[in-house]
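Residue numbers (my numbering): 181 to 363.
Worksheet: the structure to be examined is printed underneath.
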């Protein structure tokens, strides 16, 4: 049932938000010269996929977890995108393709070994990664890998359709904490 809602919501989200996505793309083009950020992430069953977001940092930033990144590399426009969570909108494409879900564990990087091991031990990789979830609305990020993996596993074990919509609404209305890095 959740996959059905993922498909429907991401399709209509992309359709209705197309004018906003286009505007943000062109503003991002002037901001960094490369408005889309693509990065290989760990997906379901530990398979790699390419996550797509709006770029919020300059192009020369190392490929590390956000909480380890240099906050001075966030652009002014990028800061706005992060605060409003608009940087996440291109991930609707990842959801529509089946790489992600709207709700699930945030996809990590392959170089985050401690998080990867903790998630593997908890069975988190059996699910699609998500744009938001229990950890995000609870303010838990990738800087605490064991707690994050435990929270992800708890969410996956107990998630209901009601929780699915609750996490989406909480994130859309500002309860999701997002990345730990701030400008």
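Idealized CB from N, CA, C, for every residue including glycine.
None of the values given here were measured: they were computed from a predicted structure.
Residues of its chain near residue 362, where Cβ-Cβ distance is below 7 Å and the 5 sequence neighbours each way are ignored: The predicted position of residue 362 is uncertain, since its pLDDT is 49 and thus under 50; a value taken from the coordinates is nonetheless stated next. Within the same chain, residue 362 has close Cβ partners 251.
Assign residue 280 to one of three DSSP states: helix, strand, or coil. coil
Euclidean distance between Cα positions of residue 273 and residue 254: 24 Å
Cβ contact check for the stretch 324-333 and the stretch 281-300: 3 or more pairs under 8 Å: yes
Using only alpha-carbon positions, find the residue among 313, 278, 196, 302 that is nearest to residue 346. 313
Can you check DSSP and say which residues form a bridge with residue 216? 234
Note the first and the last residue of the continuous alpha helix (DSSP H) segment covering residue 312. Not the alpha helix (DSSP H): residue 312 falls in the beta strand (DSSP E), residues 310-312.
Looking at C-beta atoms only, is the number of pairs between the stretch 193-208 and the stretch 255-267 that lie closer than 8 Å three or more? yes
Report the three-state DSSP secondary structure of residue 207 (helix, strand or coil). helix
Tell me the residue span of the alpha helix (DSSP H) that contains residue 297. 293-302
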